[in-house]
Structure formats: structure tokens, C-alpha cells
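A quick write-up on the structure given underneath.
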Amino acid sequence: MQTCEDPRPPNGQSPIALASGQSEYGFAEKVVEGMFIVVNSITIKIHSKAFHASFELWQLQGYSVNPNWQQSDLRLTRITDPRRGEVLTFKEITWQTLRVEADAIENGDQDPVTTPLRLITNQ
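My numbering puts the first residue of the sequence shown at 41, with every later residue one more than the last.
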């Protein structure tokens with residue numbers, strides 16, 4: 041994966057606005073902006089012929105914040121550019137524990153067993 045030096049220009053309206061038939065910041069965007077999401081756990085496991093890997097997150101939270109990355113009044117969590125007709129919203133995602141594991145698969149008696157890679161972090 042590579043990142044771009046310069047972000048690409050916007051490619052149209054938001055999917056929420058297109059689905060609801062709106063062309064401006066409206067009710068659907070306000071509902072999404074006001075959501076506070078809590079997910080107890082996310083587990084992603086990858087199995088291939090060469091390796092096994094897993095990615096786990098616990099106590100994931102997503103919520104709106106102000107431009108200084110502090111929780112505040114919902115009206116202060118967005119910046120509106122009336123000239124361009126765009127709204128910039130600020131969201132923060134936090135988690136309590138992250139666990140990443142990767143391990144090569146043993147291919148018989150002649151291949152040595154590898155040491156697994158393991159990363160566990162707590163907040």
C-alpha cells in the first residue's frame with residue numbers, strides 16, 4: 041500500500057446525500073455526525089498457505105470531536121465552507137486493546153518452526 045503526496049480532489053457528493061436525494065448538508069448527515077458508536081470487539085483472521093494472522097480490537101468507540109480533538113457541543117464539531125458548499129466533520133476513534141498476531145505455517149519436518157510475531161497494546 042502506498043500513500044499519495046497530494047490528496048485527490050473530491051469526486052462528487054457524499055454517498056449519504058446521494059441516497060437521500062439531497063445536494064447539501066442535511067438531516068442524514070446530522071444524524072451520522074451525532075452518532076456515538078461502541079463496538080465490544082472486532083476480530084479479523086487471515087489464513088493462507090504461507091501464514092496465519094489475526095487482528096483484534098476491543099472496546100472500540102467512535103464519536104465527534106471539535107477541531108482541537110476534544111469532546112464538545114455537537115455544533116462545534118464541524119467546519120462549514122459556504123463558498124465551496126462543503127462541511128468538514130471531526131471524528132475520533134479510540135480502543136482499549138489491540139492485538140496483532142502473525143505466524144508462518146510449518147511445511148513438514150524439514151522447515152524450521154518460526155517464532156510468531158505478536159503485538160499487544162493496552163490504553
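Beta carbons are placed, not taken as given, at the ideal position from N, Cα and C, and that holds for glycine.
Query raised in the report: Would a C-beta distance cut-off of 8 Å place residue 140 and residue 159 closer than the cut-off?
Result: Yes. Within cutoff.
Query - Sufficient close CB pairs (3 or more, under 8 Å) joining the region 100-107 to the region 74-90 - result: These segments touch.
Report task. Determine the closest residue to residue 69 out of 114, 90, 163, with distance taken between C-alpha atoms. Result -> Scanning 114, 90, 163 for the CA closest to the CA of residue 69 turns up 114.
Requested in this report: Return the chain-ordered ranges of every beta strand (DSSP E) run that is complete within the region 54-126 and spans a minimum of 3 residues.
Outcome: If one requires a minimum length of 3 residues, the beta strand (DSSP E) runs lying completely within the region 54-126 are 77-87, 91-104, 118-121, in chain order.
Query raised in the report: By Cβ distance, which residues of its chain are closer than 8 Å to residue 4, with the 5 residues on each side in sequence left out?
Result: Outside the shown range of the chain, which is 41 to 163, sits residue 4, and nothing can be said about it.
Query - Nearest-angstrom Cα separation, counted from residue 145 out to residue 90 - result: Those two C-alpha atoms are separated by around 6 Å.
Query raised in the report: Under three-state DSSP, which class holds residue 145?
Result: The answer is coil: DSSP assigns residue 145 none of H, G, I, E or B.
Requested in this report: Specify, as a first and last residue, the run of the beta strand (DSSP E) that residue 158 falls within.
Outcome: It spans 157-162 - the beta strand (DSSP E) in which residue 158 sits, taken as one unbroken run.
Query - Beta-carbon proximity of residue 92 to residue 143, cut-off 8 Å - result: Yes. Within cutoff.
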